[in-house]
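In the numbering used here, the protein residues as written are 91 to 241.
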């Protein structure tokens, strides 16, 4: 008996609704980097980590707004109606999810960058610190090296 198929896959209409729904709520580091690189406007990237974490390194161009400050400060930092993409440390952290929830409560269109800052850096994407912007090599176990992912 198959462990994979022990629970049957969903019907087509359910699968379409589920996966389309996920894409309505999530984006990934590669897509965020592609938009930043292409100069796409109309959305902002919000780093919801602590000040110390931000200082350690963040996505260049991101706005720093810790999760626990979103409700009080969002309107002064992000124009109303602007689409927001949130991120926190990584898959083991729900700070980006909680920040996205706060933005949603305030009426912002919002998505979360899955993988967070951890997968941003693992993909070898630009990281900004007080010393400038650097790129670390991508982690060959989590991101393609020398080729485009094309996913």
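Note that CB positions come from ideal geometry on N, CA and C, so glycine has one too. Note that this is a predicted model, so its numbers are computed, not measured.
Candidates the options: closest to residue i by CA position
i, options, result
"residue 131", "215, 169, 207, 211", "169"
"residue 190", "120, 100, 127, 116", "116"
"residue 125", "97, 93, 163, 152", "152"
"residue 207", "122, 107, 102", "122"
Test item: CB-CB of residue i and residue j under 9 angstroms
i, j, result
"residue 147", "residue 219", "yes"
"residue 197", "residue 171", "yes"
"residue 202", "residue 119", "no"
"residue 174", "residue 200", "yes"
"residue 136", "residue 155", "yes"
"residue 182", "residue 138", "no"
"residue 224", "residue 188", "no"
For residue j and residue i, the rounded distance between their alpha carbons
i, j, result
"residue 160", "residue 221", "27 angstroms"
"residue 109", "residue 100", "11 angstroms"
"residue 209", "residue 232", "8 angstroms"
"residue 127", "residue 149", "12 angstroms"
"residue 134", "residue 177", "11 angstroms"
"residue 143", "residue 192", "20 angstroms"
"residue 165", "residue 95", "47 angstroms"
"residue 313", "residue 216", "What is shown of the chain runs 91 to 241, which leaves residue 313 out entirely."
"residue 105", "residue 241", "19 angstroms"
Open item on the list: Please give me, in chain order, every unbroken run of the beta strand (DSSP E) with length at least 3 that falls completely inside the segment 157-220.
Closed with: 173-177, 200-203, 217-219
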